[in-house]
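Contents: one structure, followed by commentary.
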Amino acid sequence: MLRDAVRALAEAKIAPYAAAVDEEARFPQEALDALVANDLHAVHVPEEYGGAGADALATVIVIEEVSRACVSSSLIPAVNKLGSLPVILSGSQDLKKKYLAPLAKGDAMFSYCLSEPEAGSDAAGMKTKAVRDGDHWILNGVKRWITNAGVSEYYTVMAVTDPEKRSRGISAFVVEKSDPGVSFGAPEKKLGIKGSPTREVYFDNVRIPADRMIGEEGTGFATAMKTLDHTRITIAAQALGVAQGAFDYAKGYVQERKQFGKPIADFQGIQFMLADMAMKIEAARQLTYAAAAKSERGDSDLTFQGAAAKCFASDVAMEVTTDAVQLLGGYGYTRDYPVERMMRDAKITQIYEGTNQVQRIVMARNLP
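Numbering (this note's numbering), first residue to last: 81 to 448.
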């Protein structure tokens, strides 16, 4: 029922704007409005804070179905989870009430600030600092590749509070867009997901109350890593959705397109391509849903399973979307058809929330 409802909404209210959102590189406001109106923008927020209280699998299905229509739009529910999960996992009761309620209502979005110009895969090498000043902290630094930066009201920010301790000297904070000293760089000009703004976030003597720290001092990096164990699965869901969208479109196309007097779907070469695409999508789906169930239960092998789902599903997405372009031939290469956009959008799923090379390191360190 949830899948049917989200698919119907995505096809009616999100898909019609996907090409324009990509072409104009603009935020998909229509998608945000539709998702908020149907309480699908942040389904993971617990009911006690006014949210839908959806479990990890339901959240995956929402993201998958939105991504099938428009990957840029799927970053609304996905990044709302990424940004707010540190608060859910480690925040005080007061912090949860203050920030999760507006998120659940649709009054604010949440972003996640971990990466920096010199700290990408090596996130513990970050330079952004937070210095204690009485009952406040003062933040200085730069975060890069921040999804939905400038649109989100709230930002979970990782900053160094004790430089001697490396990863154990990193703390997490909630920063608001309106805090004096917060500013944003120009939107990045990207290959895909052009409707989701990616910008640098600057902190110039940003003074925030001490009670905006998420968890204890020095626990920020551990919270960040624990968050990614859960949210990598949402990237697997995005990858799964865009692969399914490209497959569905290509399958419909080859049944209509005629060459040599018959539909090209009648040729065995085409049939084998479709069979491989469908098989890989289904394998990715099973891995992703199993990982979502583990996320919900908090299983001990979640780190391995989340990395495996993200890595496998995103590789499948890149392969399937590329094959979809091939199946459409010359038409697939033009912007008149959606598969070239899907191919461009799929690429980022192999890169963000940990490159697939990093996922393999994570898996190797956590072999079952």
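Where is the CB? At the ideal position from N, CA and C, for every residue including glycine.
* Asked: Which word fits I288, buried or exposed, when buried means at least 16 other C-beta atoms lie within 10 angstroms of its C-beta?
  -> buried
* **T219 - containing beta strand (DSSP E), residue span** => Note on identity: in this sequence residue 219 is Leu, with Thr being the wrong assignment. Note, L219: beta strand (DSSP E), 216–227.
* Taking Cβ to Cβ, would you say A134 is nearer than 8 angstroms to H124? -> yes
* Cβ neighbours of P166 in the same chain (closer than 6 angstroms, five flanking residues each side left out) -> T236, A252, I294, T303, T307
* To do: Check whether the Cβ atoms of F392 and M357 lie closer than 8 angstroms to each other.
  => no
* Asked: Under a three-way DSSP split, which group does V240 fall into?
  -> strand
* Asked: Whole-angstrom Cβ separation of N446 and S394, contact assumed at under 8 angstroms?
  -> 18 angstroms between Cβ atoms; not a contact.
* **Separation of A105 from I94, as counted between CA atoms** => 15 angstroms
* Asked: Who are K209's beta bridge partners in DSSP?
  -> N220, V240
* Just tell me which of A444, V442, R440, I431 has its CA closest to the CA of G200. => I431
* **Where Q385 falls, given that 16 or more other Cβ within 10 Å makes a residue buried** => buried
* Asked: Using the beta-carbon count (16 or more within 10 Å), is D403 buried or exposed?
  -> buried
* Closest to T139 by CA distance: which of L382, E296, T368 is it? -> T368
* Check whether L271 and R424 have beta carbons under 8 angstroms apart -> yes
* To do: Please check the pair S195 and R224, which I expect to be a contact at CB under 8 angstroms, by giving their CB distance rounded to whole angstroms.
  => 5 angstroms
* Going by the C-beta, is T208 closer than 7 angstroms to any heavy atom of the ligand COA? -> Among the components of this structure there are no ligands whatsoever, and the ligand COA is therefore not found.
* Buried or exposed (CB count within 10 angstroms, at least 16 for buried), G412 -> buried
* **Counted within 10 angstroms of its Cβ, other Cβ atoms place A388 as buried (16 or more) or exposed** => buried
* To do: Could you give the DSSP three-state label for K331: helix, strand or coil?
  => helix
* **Inter-stretch contact (C-beta, 8 angstroms, three-pair minimum) for the region 150–167 and the region 175–188** => yes
* Integer-rounded CB distance, given that A184 should sit under 8 angstroms from G130 -> 4 angstroms
* Between D119 and the rest of its own chain, which residues show a CB-CB distance below 7 angstroms, the 5 nearest in sequence each way excluded? -> A132
* DSSP state of N285, grouped into three classes? -> strand
* To do: Note down, in chain order, each residue of its chain lying with its Cβ closer than 7 angstroms to the Cβ of P475, except the 5 sequence neighbours on either side.
  => Because the chain in this structure spans residues 81 to 448, residue 475 falls outside the shown range and cannot be described.
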